[in-house]
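K.L.:
The structure that follows is given in the form of structure tokens.
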Amino acid sequence: MTESAVTVENLVVTVPGATGPVRVVDDISFEIAAGNVLGIVGESGSGKSLTALSLMRLHRSPVRIDNGFIRVAGTDVRSLAERELDAFRGNTIAMIYQNPMSALNPVLTIGNQLVEAIRIHNKVSRRVARNQATDMLAEVGIDRPADRLDSYPFELSGGMLQRVVIAMAMSCNPRVLIADEATTALDVTTQARVLDLLRGLIEQHDMAVLFITHDLAVASEFCDDIQVMYSGRIVERGTAREVFEDPRHPYTLGLLGSLCTLDMELDRPIPTMPRDIAELSRLAPAIDHAALEVQELR
Amino acid sequence: MTDNDGTTSSDGTDPVIVADDLQLTFHHGKQETKALDHVSFRVERGTTLALVGQSGSGKSTTARTILGIQKPDAGRAIVCGSDVHDLSQRELRLLRQKMQVVLQDPFGQLNRRHTVGRIIEGALIAFNRGSRRERRERVAELIRAVGLDESYLGRNPRELSGGQCQRVAIARALALQPELVVLDEAVSALDVSVRAQILNMLVQLQKDFGLTYLFITHDLAVARYMAHDIAVMHRGRIVEHSDRDTLFANPKDPYTQGLIASIPVGLPRGAAVRAEFDRRLELQLEDG
Amino acid sequence: MAEALTLVKEQARAQGVRRRALIPAIILIVIVAACVFGPLVSPYPADALGVGLPFAGPSWAHWFGTDDLGRDLLSLVLVGGQISLTVGLGATLISLLVGIAWGIAAAGRRGWIDTLLMRLCDAVMAIPQLLFALVCVAAFRPSVISLMIVIGLLMSPTTARMVRSTAVSELADDYVVAATASGLTRRRLLVSEVLPNILPPMVVQATTNMADAIMLEATLSFVGLGIQPPDASWGTLLLQGYAKMYNSIWMLIFPALIIVVTLACLVLLSDRLGSAFDGKKVMR
């Protein structure tokens, strides 16, 4: 068995609260193999974004990592010095966000920003970098890439911008990609196309991906493995099929039940989360489908 | 308010909204965007019309035109028998008692300097409805109708969750006992579990108060659950408009077909899951 | 989740800002308290001649020294402060009242009224403040009241501009759309919905205005067109100190120092409150 691209063990992230530190990520562990997509699904406040930020050490005071071990592509992330972090974030791990505009500088052309991104990590001439940038835009499916280099971010649509951001993230060939609600703001048809693009890039570059979303439908289509987070803990994990077809945890059941789908029955209320879900989730142990199978075999 | 342009009950129907050939073009320098391209539809009393489309398709502009916030270049928007854009400021204000709106951003649409109680009371004060005490009682009644209790009235919107804010916005919209409520992406910003609660509540409120909804959404599954009729908008035009079952069983327009196809089909639910949902639903129904 | 994170960050930032705003606020409170209560407990009434030797430097008996008539300089500065601060506060209030009405009227009506009101703003702002004040004060009799009014009116266009731009951006917000749709009249919308949201930035503007007002009063009094003897303000003390500079440098230094410290604190406070409110706005 090869080493996982991402290993997280016993991660605890806290923020200060009125009565001492609050554990917003509470003792979670997971692994992602190269070429695999791990989806973290959960609702606001579940701790999924903070998990992602911790992998890149992008969390800021007063949020702090209290405990745990994080290894990304062989690097012990928590032991990195500040000055090593920049190289780590550029070369080993990259992140795309919900709002592509936040990752781009509005007053510089797309080309300028791509060329800069390339030249930070590779010592090549401007001309070479520009050529590479053109290739990258072509790779993420932007037509007339050479012309687009001279566009400013505001001249492009949301879907196009997200493609540019993906191109920038890919510019240094990262081993691990974090997508935090990366397609949430896009229209359905655009979303489908961007996901197709990502799928292709993942296979081609053999990246490990942490895919964070609150959209269960997208997660079920796009991810290999799923873990469901609720109030800082992983309540259920397994392959996408296992989790969505045979959910065992009351929270997962509630979540899937309350989802609007095209095949749902009409003219009766949508099942909602039981009122005592917080209590149920605390009592029910975390469910790991892999462990379940072992039990059932015995 | 009394002018009746023959749009009501002449043919036995009772439309709350009649949009008649609405047109609007936005100019950005030399560029022209057709925001509304001959948009026509009608919504019968007590029913829901969903306007579905992607961002920039013109569905929110349609809503704003119906609400009298955006003036069209041509065409008529008739609400409860009055042409919204043909009224004086005063008459339009009076008509607003019959049409209310709930917007997408749970926090942005509530004034962060007011308490929840004051927010709901605002419209009542504006139209001098009842004495101070009667208003207080009405506000308490409303907050309970949306599933919160009186302890929320003294709070600031900033202390509430997104779902709670949305409930407050709905309570405000119901304060004047409107006939029409425009829901502009009203559940889009909410978490899945909260969204289900709000949708259930909206359905219940519609039954209880005989409300008419103009339900604007980008989510076809939500539109299917909520609406009697669905109009699909694309680039300012209604490309397909039919009742719910027809639209999904037999989408005619290629754009609609594409839209339905691009929804992740995923989530194949096993029999066990369905049984569990049914069991839970039974419990919920028993609870009341 | 992302919102929760911003919330935590913004809270931490706001806390930091609040802590840093504390120092200038405390200094200001000390100055104001000293001016209000100091003369009551001082062993030397401000108008008592010869309580010490003329032109004495700072000592244990007279912390700020004495003036040419042997009066206690600290008592004079505190009593002068009462007038300076009164003029500052009064002018600030006037500038806020006039400015808010002016700005709200412009933002609420738009169209030609807006244009007219804003051109008027530009016109008033284009007149050199000091010159305008000089003419006005010379035309009316200089007194505490007339100074307040003239200075207050002079500062109101800046405030009006601020109010208008804030109000215009608030008017584009969702809550205003929702309130309009629920049937509020334009006037009620402006007064009961938009105005409360404009007040926090107005607190910032008020501290800036206060600093400007105190400065302008001191300047006018320094050139002899402000507070008239026998009343004293920081400006008149500065004038007297300037005249007697070669007899006792302290008569110049202490009034100057108190003005500088007060202004610095006001400016710092305004700056820090400003960033605190910016944080709130993001935080919602």
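So the sequence lines, in the order shown, correspond to chains V, H and C.
Per our numbering, the very first residue in the first sequence carries number 9; after that it's consecutive.
Per our numbering, the very first residue in the second sequence carries number 7; after that it's consecutive.
Per our numbering, the very first residue in the third sequence carries number 32; after that it's consecutive.
Glycine included, each C-beta is placed from N, C-alpha and C at the ideal position.
Determine the DSSP secondary structure at Lys131 of chain V, reduced to helix, strand or coil.
P.N.:
Here residue 131 of chain V corresponds to residue number 123 of the first sequence, with the count starting at 1. Coil, per DSSP.
K.L.:
Taking Cβ-Cβ distances below 7 Å as the criterion, which residues of the segment 10-30 of chain V are in contact with chain H?
P.N.:
The segment 10-30 of chain V vs chain H, Cβ under 7 Å: nothing.
K.L.:
Within 8 Å of any Cβ in chain H, is that where the Cβ of Gly375 of chain V sits?
P.N.:
With chain V covering 9 to 306 only, the question about residue 375 of chain V has no answer from this structure.
K.L.:
If the cut-off is 7 Å on Cβ atoms, which residues from the segment 188-209 of chain V count as contacting chain H, listed in chain order?
P.N.:
Here the close residues are Asp195, Val196, Thr197 and Ala200.
K.L.:
Looking at C-alpha atoms only, which residue of V:Thr191, V:Glu211, V:His297 and V:Arg138 is the closest neighbour of Gly202 of chain V?
P.N.:
As a working mapping, residue 202 of chain V is identified with position 194 in the first sequence. For the sequence presented, residue 202 of chain V should be read as Val rather than Gly. Ranking the options by Cα distance to Val202 of chain V, first place goes to V:Thr191.
K.L.:
Would you call the segment 288-299 of chain C in contact with the segment 229-247 of chain C, where contact means no fewer than 3 C-beta pairs closer than 8 Å?
P.N.:
Short answer: they touch.
K.L.:
Which chain V residues are close to His224 of chain H, counting only those with a beta carbon under 9 Å from its beta carbon?
P.N.:
In the second sequence, the residue the question calls residue 224 of chain H occupies position 218. Neighbours of His224 of chain H on chain V, chain order: Asp195 and Val196.
K.L.:
Just the chain H side, please: which residues come within less than 7 Å of Met281 of chain V by C-beta, in chain order?
P.N.:
Taking the first residue of the first sequence as position 1, residue 281 of chain V is located at position 273. Ser199, listed in chain order.
K.L.:
Write down every uninterrupted run of the alpha helix (DSSP H) in the segment 118-205 of chain V whose length is 4 residues or greater and which is fully enclosed by it, in chain order.
P.N.:
List check, alpha helix (DSSP H) in window: 118-129, 134-147, 153-156 and 166-178.
K.L.:
Let me see if you follow: with CB-CB separation under 8 Å, is Gln170 of chain H close to chain V or not?
P.N.:
Position 164 of the second sequence holds residue 170 of chain H. Not closer than 8 Å to any Cβ of chain V, the Cβ of Gln170 of chain H fails to qualify, so no.
K.L.:
Kindly give me the distance between the Cβ atoms of Glu127 of chain H and Arg141 of chain H, rounded to whole angstroms, as I take these residues to be in contact under 8 Å.
P.N.:
Within the second sequence, residue 127 of chain H is the residue found at index 121, counting from 1. Within the second sequence, residue 141 of chain H is the residue found at index 135, counting from 1. About 6 Å; that satisfies the 8 Å criterion.
K.L.:
Under 8 Å, with one C-beta from each stretch per pair, do the segment 112-121 of chain H and the segment 143-154 of chain H reach the 3-pair mark?
P.N.:
No: the two stretches stay apart, fewer than three of their Cβ pairs being nearer than 8 Å.
K.L.:
Looking only at its chain, what residues have a beta carbon closer than 7 Å to the beta carbon of Ser15 of chain H, apart from the 5 residues adjacent to it on each side?
P.N.:
On the second sequence, residue 15 of chain H is found 9 positions in, with the first residue counted as 1. Reliability of the predicted coordinates at Ser15 of chain H is poor, the pLDDT of 49 falling under 50, and the value obtained from them is presented with this limitation in mind. Excluding residues within five positions, none has a Cβ falling inside 7 Å.
K.L.:
Pull out every residue of the segment 217-248 of chain V whose Cβ sits closer than 9 Å to any Cβ of chain H, in chain order.
P.N.:
Result list: His222, Asp223, Leu224, Ala225, Val226, Ala227, Ser228, Glu229, Phe230 and Ala248.
K.L.:
Quick check: the Cα distance between Asn107 of chain V and Gln170 of chain V, rounded to an integer number of angstroms?
P.N.:
Numbered from its first residue, the first sequence carries residue 107 of chain V at position 99. Numbered from its first residue, the first sequence carries residue 170 of chain V at position 162. Rounded to whole angstroms, Asn107 of chain V to Gln170 of chain V spans 8 Å at the Cα level.
K.L.:
Using a Cβ cut-off of 8 Å (strictly closer), state whether Thr59 of chain V contacts chain H.
P.N.:
Position 51 of the first sequence holds residue 59 of chain V. So, not an interface residue.
K.L.:
From what residue to what residue does the alpha helix (DSSP H) around Glu191 of chain H run?
P.N.:
Within the second sequence, numbered from 1, the residue matching residue 191 of chain H stands at position 185. Element bounds for Glu191 of chain H: n/a, residue is neither H nor E.
K.L.:
Can you tell me the Cα-Cα spacing of Ala177 of chain H and Arg124 of chain H, whole angstroms?
P.N.:
Numbered from 1 along the second sequence, position 171 holds the residue referred to as residue 177 of chain H. Numbered from 1 along the second sequence, position 118 holds the residue referred to as residue 124 of chain H. Whole-angstrom Cα-Cα distance: 12 Å.
K.L.:
As a quick exercise: from V:Glu92, V:Leu209, V:Leu274 and V:His222, pick the residue whose alpha carbon is nearest that of Ser179 of chain V.
P.N.:
Locating residue 179 of chain V in the first sequence gives position 171, where the first residue counts as 1. Ranking V:Glu92, V:Leu209, V:Leu274 and V:His222 by Cα distance to Ser179 of chain V puts V:Leu209 first.
K.L.:
What did DSSP end up calling Met215 of chain V once you bin it into helix, strand or coil?
P.N.:
Taking the first residue of the first sequence as 1, we reach residue 215 of chain V at position 207. Three-state DSSP puts Met215 of chain V in coil, outside helix and strand.
K.L.:
Using a C-beta to C-beta distance shorter than 8 Å, which residues of chain V count as neighbours of Gly153 of chain H?
P.N.:
The residue you call residue 153 of chain H lines up with position 147 of the second sequence. Correct list: empty, because the minimum Cβ distance to chain V is about 11 Å.
K.L.:
Go ahead and label Asp11 of chain H buried or exposed: buried means 16 or more other beta carbons lie within 10 angstroms of its beta carbon, across all protein chains shown.
P.N.:
Here residue 11 of chain H refers to the residue found at position 5 of the second sequence. Low per-residue confidence applies at Asp11 of chain H: pLDDT is 48, beneath 50, and the placement is therefore not dependable enough to give any value.
K.L.:
Determine, for Tyr273 of chain C, whether the minimum Cβ-Cβ distance to residues of chain H falls below 8 Å.
P.N.:
Within the third sequence, numbered from 1, the residue matching residue 273 of chain C stands at position 242. So no, Tyr273 of chain C is outside the interface.
K.L.:
Mind pulling the chain C residues with CB within less than 9 Å of Ala129 of chain H?
P.N.:
Against the second sequence, residue 129 of chain H aligns to sequence position 123. Within 9 Å Cβ-Cβ: Ala210, Ser213, Gly214 and Leu215.
K.L.:
Would you call the segment 137-153 of chain C in contact with the segment 259-273 of chain C, where contact means no fewer than 3 C-beta pairs closer than 8 Å?
P.N.:
Judged by Cβ distances under 8 Å, the segment 137-153 of chain C makes no contact with the segment 259-273 of chain C, as fewer than three pairs qualify.
K.L.:
Just checking: is the beta-carbon of Leu265 of chain H within a distance shorter than 8 Å of some beta-carbon in chain V?
P.N.:
By one-based count along the second sequence, residue 265 of chain H stands at place 259. Closer than 8 Å: yes.
K.L.:
Which residues in chain H sit within 7 Å of Tyr206 of chain C, going by Cβ to Cβ distance?
P.N.:
The sequence position of residue 206 of chain C within the third sequence is 175, counting from 1. Ordered by position in chain H, the residues that pass the 7 Å Cβ test against Tyr206 of chain C are Gly114, Gln115, Leu116 and Asn117.
K.L.:
Any C-beta of chain H sitting closer than 8 Å to the C-beta of Leu274 of chain V?
P.N.:
For the purposes of this step, residue 274 of chain V is taken as residue 266 along the first sequence, with counting starting at 1. Yes, Leu274 of chain V counts as interfacial toward chain H.
K.L.:
In chain order, what residues of the same chain lie with their CB nearer than 6 Å to the CB of His234 of chain H, ignoring the 5 residues before and after it?
P.N.:
Residue numbering aside, residue 234 of chain H sits at position 228 when the second sequence is read from its first letter. Hits under 6 Å: Thr53 and Thr54.
K.L.:
Would you call Glu246 of chain H buried or exposed, if buried means 16 or more other Cβ atoms sit within 10 Å of its Cβ?
P.N.:
The count along the second sequence starts at 1 and reaches residue 246 of chain H at position 240. Answer is buried; the Cβ neighbour count reaches 16.
K.L.:
Tell me whether Asp153 of chain C is buried or exposed, calling it buried when 16 or more other Cβ atoms sit within 10 Å of its Cβ.
P.N.:
By 1-based counting over the third sequence, the position of residue 153 of chain C is 122. Asp153 of chain C comes out exposed.
K.L.:
Are the CB atoms of Leu161 of chain C and Thr250 of chain C within a distance shorter than 8 Å?
P.N.:
Position 219 of the third sequence holds residue 250 of chain C. Position 130 of the third sequence holds residue 161 of chain C. The answer is yes: Cβ separation under 8 Å.
K.L.:
Against chain D, with Cβ distances strictly below 8 Å, would Ile269 of chain H count as a contact?
P.N.:
Within the model displayed, chain D is absent; protein chains V, H and C are what it includes.
K.L.:
For a contact meaning CB atoms closer than 8 Å, what does Tyr231 of chain H contact in chain V?
P.N.:
Stepping through the second sequence from its first residue, residue 231 of chain H is reached at position 225. Those within 8 Å of Tyr231 of chain H in chain V are Cys268, Met272, Leu274 and Ile278.
K.L.:
Does any residue of chain C bring its CB to less than 8 Å from the CB of Gln106 of chain H?
P.N.:
Here the question's residue 106 of chain H lines up with position 100 in the second sequence. With 8 Å as the cut-off, Gln106 of chain H counts as an interface residue toward chain C.
K.L.:
Tell me the rounded alpha-carbon separation between Thr121 of chain H and Leu159 of chain H.
P.N.:
Within the second sequence, residue 121 of chain H is the residue found at index 115, counting from 1. Within the second sequence, residue 159 of chain H is the residue found at index 153, counting from 1. Going by the C-alpha atoms only, they are around 7 Å apart.
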